[in-house]
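Novice: One structure coming up, written as structure tokens, with questions to follow.
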Amino acid sequence: NARPVYLFLKSMKSPSRDAFLKAIEACAEGGFVNLEAMINERYAAFLREEKDEAASNQCIADSYFLYQDWGAHAKALQLSNEHEFLKKLKRKNARSFANTIGSNRKTVSSTVSTTSDDATPKKLMTFSFNSTLKQRRLIPVKKK
27 NARPVYLFLK
37 SMKSPSRDAF
47 LKAIEACAEG
57 GFVNLEAMIN
67 ERYAAFLREE
77 KDEAASNQCI
87 ADSYFLYQDW
97 GAHAKALQLS
107 NEHEFLKKLK
117 RKNARSFANT
127 IGSNRKTVSS
137 TVSTTSDDAT
147 PKKLMTFSFN
157 STLKQRRLIP
167 VKKK
């Protein structure tokens, strides 16, 4: 399916929140973890220019974990060296929509937490696809 690649390239040519979100959703639905990681990284840069630091950091965190899922550990390490807060993050569950194909779940969410000096987990941000997927249904995988 060329849709994820098309939307990825379209968001690079004409960056906007809507273009990035459509590309991220399409890449996730199509299972293009590599493109999903890259588009999240580019979206983070876009959000940083828009002065939306919290959303930018969430996109960087998503990108970081997606690069790890893809096996691009050197790229994940590069991101953690560029963004100090990534070294404190702990992954609780997968964020990628692609990880839920075949499940009965209708929404995907994850929580990324940081630890402070007192070692008490603190909630950083929760990302949910509720608004994006409210009209979509998952296609069940046929069991053999």
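Numbers in the working numbering are just positions in the sequence shown, counted from 1, shifted up by 26.
Where is the CB? At the ideal position from N, CA and C, for every residue including glycine.
From a predicted model like this one, the values you see are computed outputs, not experimental measurements.
#1: Considering just the uninterrupted stretch of the alpha helix (DSSP H) at K39, what are its terminal residues?
#2: Taking 8 Å as the limit between beta carbons, can you name the residues of its chain near I4, skipping five residues before and five after?
#3: Using only the alpha-carbon positions, how far apart do N107 and R29 sit?
#4: Provide the residue span of the alpha helix (DSSP H) that contains L112, from first to last.
#5: Span of the alpha helix (DSSP H) holding D78?
#6: Suppose you measure from the CA of Q104 to the CA of K116; what does that come to, to the nearest Å?
#7: Measuring alpha carbon to alpha carbon, tell me which of L112, V31 and E79 ends up nearest G56.
#8: Can you give me the C-alpha to C-alpha distance between P20 and F72, rounded to a whole angstrom?
#9: Nearest to K77 by CA position, among E110, K36, R43 and A100, is which residue?
#10: How many Å lie between K48 and L33 at the Cα?
#11: Going by other Cβ atoms of all chains shown within 10 Å of its Cβ, with 16 needed for buried, is A54 buried or exposed?
#12: Do you know how far the Cα of N27 is from the Cα of K114?
Specialist: Taking the coordinates as given:
#1: Segment R29 to K39, the alpha helix (DSSP H) holding K39.
#2: Only positions 27 to 170 of the chain appear in the structure, and residue 4 is not among them; the question remains open.
#3: Their backbone Cα atoms lie some 33 Å apart in a straight line.
#4: That residue, L112, is in no alpha helix (DSSP H); it is neither H nor E in DSSP.
#5: First-last for D78: undefined, no H or E at that position.
#6: Rounded to whole angstroms, the separation of the alpha carbons of K116 and Q104 is 17 Å.
#7: Closest in C-alpha terms to G56, from the list L112, V31 and E79, comes V31.
#8: No information on residue 20 is available, as it lies outside the stretch 27 to 170 that the chain covers here.
#9: Checking every option, the nearest Cα to that of K77 belongs to R43.
#10: So the two alpha carbons sit approximately 7 Å from each other.
#11: Burial call: buried.
#12: Rounded to whole angstroms, K114 to N27 spans 37 Å at the Cα level.
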